[in-house]
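Trainee:
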Amino acid sequence: MDAAAQAAQALHRMEATGFVEISATTATYLRVAGTLPGLEPETQIPRAASLVARVLDGAPAIGASEEAETSLADTVEYERLGVRSHVVVPVLTRTGELAGLLVGLDRGVVEIGAATLPLLRGIADGLGAGWPAVGAAGAPPVAAPTPAAPAPAAPAPADATS
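FYI, in numbering that gives the first Met the number 0 the residues of the sequence shown are 0 to 161.
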């Protein structure tokens with residue numbers, strides 16, 4: 000997870016990258032790479048006031064402007080953290096379930112190049128393909144492997160008198 004966040008940050012060049020899980024009531028930044036004052040691992044934001052949740056509800060997944068997108072202007076990320084640029088990429092499991100979101104945030108205006116988004120999508124797909132084995136703090140525990148089935152019995156020796 001940390002390597003994926005660092006790779007994403009190198010691509011989008013924003014101050015911070017986070018892995019966010021969304022529940023019915025909160026958005027939790029489980030992991031954070033980089034530095035954005037006020038954003039630490041395990042930061043919880045009410046879902047209704049979260050930029051990430053708003054993106055899931057239809058707000059633009061990419062933004063870079065001194066003026067916040069109307070649907071995002073009152074989010075915690077914009078109001079309290081001073082975010083002016085963001086990129087949000089869903090992380091889907093192999094079965095298509097939402098595991099979380101890979102998020103880039105910056106207080107400056109950072110444009111996302113056309114070639115960057117497919118690369119970020121690839122990182123998110125890699126995380127999802129390994130879910131939950133990627134080591135996310137909020138991932139359900141991986142079930143312990145079951146003991147191997149007993150080896151089949153060796154065939155009985157052929158009767159030499161037949």
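Just so you know, even glycine gets a beta-carbon here, dropped at the ideal spot from N, CA and C.
State the CB to CB distance for the pair Val-86 and His-11, rounded to an integer number of angstroms; the pair is presumed to be in contact (CB under 8 Å).
Mentor: 5 Å between Cβ atoms; contact.
Trainee: Please go through the same chain and pick out, in chain order, the residues whose beta-carbon is closer than 8 Å to the beta-carbon of Val-75, but skip the five residues on each side of it.
Mentor: The answer, listed in chain order, is Ile-44, Pro-45, Ala-48, Ser-49, Leu-50.
Trainee: Could you tell me the distance, in whole angstroms, from the CA atom of Pro-89 to the CA atom of Val-31?
Mentor: One C-alpha to the other measures close to 16 Å.
Trainee: Drop a sphere of 10 angstroms on the beta-carbon of Arg-53, count the other beta-carbons inside from all chains shown, and report buried for 16 or more, exposed for fewer.
Mentor: Buried, because 16 or more other Cβ atoms sit within 10 Å of the Cβ of Arg-53.
Trainee: On the criterion of 16 or more Cβ atoms from any shown chain inside 10 Å, does Leu-97 qualify as buried, or is it exposed?
Mentor: It is exposed - the Cβ of Leu-97 has fewer than 16 other Cβ atoms within 10 Å.
Trainee: Need the endpoints of the alpha helix (DSSP H) that Val-75 sits in, please.
Mentor: Where Val-75 is concerned, the enclosing alpha helix (DSSP H) stretches over 75–78.
Trainee: Which one or two residues does DSSP pair with Ala-52 in a beta bridge?
Mentor: In the DSSP output, where bridge partners are listed per residue, Ala-52 has none listed.
Trainee: So what's Gly-33 in DSSP terms, helix, strand or just coil?
Mentor: Strand.
Trainee: Could you give the distance in angstroms between the alpha-carbon of Gly-129 and the alpha-carbon of Glu-66?
Mentor: Cα to Cα, Gly-129 sits roughly 37 Å from Glu-66.
Trainee: With distance defined between alpha-carbon atoms, name the residue in Tyr-77, Gly-95, Arg-120, Pro-40 nearest to Phe-18.
Mentor: The shortest Cα separation from Phe-18 among Tyr-77, Gly-95, Arg-120, Pro-40 belongs to Pro-40.
Trainee: By the three-class DSSP mapping on this structure, what secondary structure does Ala-98 have?
Mentor: It is a strand residue.
Trainee: Could you give the distance in angstroms between the alpha-carbon of Gln-5 and the alpha-carbon of Thr-16?
Mentor: The straight-line gap from Cα to Cα measures roughly 7 Å.
Trainee: Quick one: what's got a C-beta closer than 6 Å to Asp-105's C-beta in the same chain, skipping five residues either side?
Mentor: Once the five neighbours on either side are set aside, the close Cβ partners of Asp-105 are Met-13, Glu-14, Ser-84.
Trainee: Identify the continuous beta strand (DSSP E) that holds Leu-91 and give its terminal residues.
Mentor: Taken as a continuous stretch (DSSP letters only), the beta strand (DSSP E) holding Leu-91 covers 84–91.
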